[in-house]
Amino acid sequence: MPEKLYIDALREGLREEMLRDENVFIIGEDVGLYGGAFGVTKGLFQEFGEDRVKDTPISEAAIAGAAVGAALCGMRPVAEIMFFDFFTIAMDQLVNQGAKNRYMFGGKAKVPMVIRGPMGCGTGAAAQHSQSFPAVFAHFPGLKVVMPSTPYDVKGLIKASIRDDNPVVFAEHKLLYRVKGEVPEEEYIVPLGKADIKRKGKDITIVAGSIMVIRALEAAKQLEQEGIDVEVVDPRTLKPLDMGTIVDSVKKTGRVIIVEDDPMSFGWGAEVAAGIASSSAFDYLDAPIKRLAGLDIPIPYNPNLEKHAVPQVEDIVKAIKDILE
Amino acid sequence: MSLTRDKKLWMYRKMLEIRHFELEVDRLFKANMIWGTCHLSVGEEASAVGSIAALEDGDMITSTHRGHGHCLAKGGELPEMFAELLGKETGYCRGRGGSMHIADLEKGNLGANGIVGGGIPIATGAALASKMKKDGKVTLCFFGDGAANQGCFHEAVNLAAVNKLPIVYICENNLYGMSVPFRKASSVENIADRAAAYSMPGRVVDGNDVEAVYEAVKEAVDRARRGEGPSLIENKTYRWLGHSKSDANVYRTKEEIEEWKQRCPIKRYRQKLINDGAASEQELDRIEKEVEQAIQEAIEYAKNSPEPRVEDIMDGVYA
Ligand SMILES: Cc1ncc(C[n+]2csc(CCOP(=O)(O)OP(=O)(O)O)c2C)c(N)n1
Ligand SMILES: [Mg+2]
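Protein chains in written order, with the numbering used here: chain S, 36 to 360; chain B, 24 to 342.
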């Protein structure tokens, strides 16, 4: 299977869906000639023209709201928000309008749209360009939330998200764009709401999402040297959340650590922990459920502070050794 | 006009300070001594300096992601600025904020901003506080042509207009919001035209003419201080360098950039000061030397400053 960059796989997914369905279009800031701030849409403007790869003024509320309105009327917009932090400006249109339209209107409307953007720290962009908060959106009934960790998943999941008849928040970690992985030549879809076991193991389960999958796999590799056999489960979508796969894994290993990029308080890890504690896996637990997550601070600029703001490979390794001791 | 010779020389010095500061920042970036990203305002110095020259010391500003010039013109200190960019504990934000978040509250700079348009309502709130406290202060609110398309621009400007708040909105129109040309993002030719929608004065100014900027802003500041409400001023200017560190400039031509470089606000002012007999070449050269020296000293200070301590990482989230 050919290896591809995450960013290229994502673009391929977008392109294939645009070729398949002429109602699919891209809207956002600098997505046209410039190709998007991170280069996700590079070349699509040249291929599909300015009507289907639409540059907008700097107006996130209008981008999100226009996506909602166009989706209500049969289009399938993919809105790009340049940095995940700016989702807050798009928030009302997304959560008060798009998320609620269908139910409020008695199930008669549908809002098939995707709103996507890069989250996360690690580039020195400081507090207003670095936060990860996909879990916030999982709190709103009506929204789906996706956070792919590999090139394979990002392509399959963007296609599934575009085809889904609901508003989907699609969170990409900016450090993942340059990660390589296998992507098949033939068409495929990764369904929403299905977790993936990224590594099989028997001693402990790591539940990790997005960039933390990469760090969890690296930690697992290091722990293998010491005879510790780690299983890594990636939920891939926060909503719907595939608790079944997680519960089965914890029943097998008896120990679990949840690793998130978001700040700790009220994070999705708490939801997963509660799900495990109230499931049939409870009786199988040989150790308390452990969480590792970002500190409850805005992301600092200084590179060393920034590194300490979210879990790193060595933090995961240490936490697992502590649990197993 | 009431511009004293001292003020003229101050304006010249400040523009040079900003120019040299930013070129030095560019160099430090390329040498991997500065991390993250930053937005330089090379070519736009007259807008920051001419505008802030119209303020009194206690007045306030809000700035933008392209904010080094605003900070320096408002009395920002070179050592603390370099230290911030180097992520040091002695920096304006103790290394927590970086280029996009420098604030100098003591000098009335309520902060640069990473959110395009984010400062516009905040400036409006500062002016609201001044009105409530009757402290006689005026706030200058800087923002770009791109920011004028955020909903919060319209909301805040309207709020200021109905309350006759002591504020002057300064749009620095450098013809692009990142890669998108102004004419593709705005249906009106001038952002200043939008002032009519909120029945307040709107004025277009040659943003590369520091005295023209000063005069226009001074008039608006005086009006605001008299309690007659807000104004909108649009400084037409141009950024010489890329939008940020990672910009290949694919959306504009070399010719266009060159043409604007011919309209350098600093060279132009230097010529004017000499022609008007306000200063001699030697005097202006001496100012430049002083500025260069202060910058080198500031960089040394920043380099020798301590890093923030990891133990302190949780400090300062709450008051
Ligand atoms: C809310 C928000 N949207 C988008 C961005 C990304 N961004 C940073 S600067 C910029 C262009 C801003 O244009 P303008 O207001 O004209 O200021 P200029 O950069 O030209 O000085 C964009 C799109 C951002 N920082 N914040
Ligand atoms: Mg601009």
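Glycine is no exception: its CB is placed at the ideal position from the N, C-alpha and C atoms.
Taking a cut-off of 8 angstroms for Cβ pairs, the segment 342 to 356 of chain S and the segment 240 to 252 of chain S touch, as three or more such pairs fall below it. In this structure, Ala-170(S) lies near Asp-297(S), with their beta-carbon atoms less than 7 angstroms apart.
Distance check between Leu-227(S) and each of Pro-275(S), Glu-295(S) and Lys-145(S) places Pro-275(S) closest, using alpha-carbon atoms only. Between Tyr-69(S) and chain B, the shortest Cβ-Cβ separation is below 7 angstroms. Asn-298(B) carries a helical assignment under DSSP once its states are collapsed to helix, strand and coil.
Between Glu-47(S) and Lys-215(S), the C-beta gap is not smaller than 7 angstroms, which leaves the two residues out of contact. DSSP, read as helix, strand or coil, puts Thr-91(S) in coil. In this structure, ligand 2 has a non-hydrogen atom nearer than 6 angstroms to the beta-carbon of Asp-168(B). Take Ala-183(B), set aside five residues on each side of it, and the residues of its chain with a beta-carbon closer than 6 angstroms to its own are Thr-147, Ile-190 and Pro-253, in chain order. As the crow flies, the alpha-carbon of Ala-97(S) is around 13 angstroms from that of Lys-89(S).
Straight across, the Cα-Cα distance linking Met-38(B) with Ser-64(B) is about 11 angstroms. Taking each of Val-59(S), Gly-100(S) and Pro-323(S) in turn and checking the Cα distance to Leu-359(S), the smallest one comes out for Pro-323(S). Here Pro-102(B) is not near Leu-340(S), since their CB atoms are 7 angstroms or more apart.
Here Ala-328(S) carries a strand assignment [DSSP, helix/strand/coil].
For Arg-198(S), the enclosing alpha helix (DSSP H) has its first and last residue at 186 to 198.
For a Cβ distance threshold of 7 angstroms, nothing in chain S lies close to Thr-87(B): the least Cβ distance comes to about 12 angstroms. Where Asn-231(B) is concerned, there is no enclosing beta strand (DSSP E), because DSSP gives it neither an H nor an E. Looking at the backbone, the Cα of Glu-304(B) and that of Glu-311(B) are separated by about 11 angstroms. Identification of chain S residues near Asn-181(B) by a Cβ-Cβ cut-off of 8 angstroms yields none; the smallest Cβ-Cβ distance measures about 16 angstroms. DSSP, read as helix, strand or coil, puts Arg-286(B) in coil. Taking C-beta atoms under 8 angstroms as the contact rule, Val-113(S) and Val-146(S) fail to qualify, at a distance of about 13 angstroms. Rounded to whole angstroms, the separation of the alpha carbons of Asp-264(S) and Ala-316(S) is 19 angstroms. At least one heavy atom of ligand 2 lies closer than 6 angstroms to the C-beta of Tyr-199(B).
A Cβ-Cβ distance of about 4 angstroms is found for the pair Leu-255(B) and Gly-225(B), placing them in contact under the 8 angstroms criterion. Taking the beta carbon of His-124(B) as reference, the chain S residues within 7 angstroms of it are Ala-161 and Ala-162, listed in sequence order.
Classified as exposed, Cys-108(S) has fewer than 16 neighbouring CB atoms from the shown chains inside 10 Å of its CB.
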